[in-house]
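Quick note: the sequence shown uses the numbering used here, first residue 20, plus one each step. Backbone N, C-alpha and C define an ideal beta-carbon position, used for all residues, glycine too. All remarks here apply to the structure that follows.
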Amino acid sequence: METKLNQGFTLIELLIAVAVAGILLGIGVPSFADAIKESRISSQYNSLVGSLYLARSEAVKGSAAVTVCPRESSGSSQCGGKQDWDNGWLVFIDRTTVQGEATASVDAADEIIAVEPSPKGDNTIMAVSSATNSAAGTAEVGFVRYTQSGGADWSSGSIVVCDTHRGASYSRAINVVLTGDIRRGLPQGENKAPRDVYNQPISKYCSEPS
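This is the structure:
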């Protein structure tokens, strides 16, 4: 009579397999998590850049300024203040601008042409500008407005997307100069943090994770 042997793992083989799986998971899971964070901040950066390009294009083609402003709250169709960029933002044809206003407003004569939802995750967004076009005296601002010439209605400024999990070196800076040109902030030298429009590392805006 022929005897069949049961095929299976020995205890030692099982322990080796579990150890190898643990090593692979230890390598793969952090890499996957970093890939998600990189994809998320890239998406947020690209959405902001796309909105700025849309605003500039529509301002040049149309008969009025076009404004990009943070939403008052998630789901709102009204502009919020300078600390509300994390609620998403609006792009609208701004036919009723007010000289020197700190907060933009969507009025009855205006037309919303794009709405961006609140960014996923807990990255933070801020816009900073300076009337003197220097690193000194920069302050947070509540909107970016393009005129019919294609220029920005500020001396120059930056929109900063801070990676709250990985710090300034992984964050993004969108630099908008007086002519309206949109440029990505890049690092220089040993400091890996991108630089704002004033050539300052955005570590001054983005805190390092604890």
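I'd like the list of long-range same chain contacts for residue i, defined as Cβ closer than 6 Å, with 5 residues on each side in sequence excluded.
i    : result
S92  : N106
R164 : A84, T86 and D172
V79  : G169
V195 : A171, G176 and I201
S148 : V160, W173 and G176
E77  : V85
I178 : L67, A146 and I193
What residue from the options has the CA that sits closest to residue i's CA?
i    : options                   : result
A158 : I201, Q102 and F111       : Q102
S70  : L109, R191, A187 and G169 : L109
G119 : E57, F162 and S58         : F162
S66  : V180, S222 and I221       : V180
A123 : G140, E135 and P89        : P89
S226 : E135, A187, G99 and A192  : A187
C98  : D126, G208 and Y72        : D126
S222 : T166, M145, Q167 and P136 : M145
W228 : N218, L197, R185 and A52  : Just to set this straight, residue 228 is Pro in the shown sequence, not Trp. Of the listed residues, the one whose Cα sits closest to P228 is R185.
E135 : L73, V117 and A121        : L73
DSSP beta-bridge partners for residue i?
i    : result
W108 : P89 and E135
S177 : V147 and N194
E159 : V147
R203 : I193
A84  : D113
P213 : Answer is none; P213 lacks a bridge partner.
C225 : Paired residues: none, contrary to the question.
R164 : T86
A171 : Y165
E232 : Outside the shown range of the chain, which is 20 to 229, sits residue 232, and nothing can be said about it.
Are there 16 or more other CB atoms within 10 angstroms of the CB of residue i, so buried, or fewer, so exposed?
i    : result
A154 : Because the pLDDT at A154 is just 49, under 50, the model does not fix this residue reliably, and the value given afterwards should be weighed accordingly. Per the 10 Å Cβ criterion, exposed.
T111 : Just to set this straight, residue 111 is Phe in the shown sequence, not Thr. When all chains shown are included, F111 counts as buried.
S57  : The sequence shown places Glu at residue 57, rather than the Ser named in the question. Per the 10 Å Cβ criterion, exposed.
V216 : buried
G199 : buried
G204 : buried
Kindly give me the distance between the Cβ atoms of residue i and residue j, rounded to whole angstroms, as I take these residues to be in contact under 8 Å.
i    : j    : result
T183 : N142 : 6 Å
T115 : A128 : 5 Å
Q190 : P206 : Here residue 190 turns out to be Ser, not Gln, going by the sequence shown. Wrong, their Cβ atoms sit about 10 Å apart, outside the cutoff.
G140 : R59  : 5 Å
I131 : S96  : 6 Å
P138 : Q219 : The Cβ separation is near 24 Å, so there is no contact.
Taking 8 Å as the CB-CB cut-off, is residue i touching chain C?
i    : result
S124 : This model lacks chain C altogether, as it is built from one protein chain only.
Leaving out the 5 sequence neighbours to the left and right, which residues in its chain are closer than 7 Å to residue i when beta-carbon positions are compared?
i    : result
T29  : none
T166 : A78, A84 and D172
Taking only heavy atoms of the ligand ATP into account, decide whether any of them is closer than 7 Å to the Cβ of residue i.
i   : result
A84 : In terms of ligand content, the structure shown is empty, and the ligand ATP therefore cannot be addressed.
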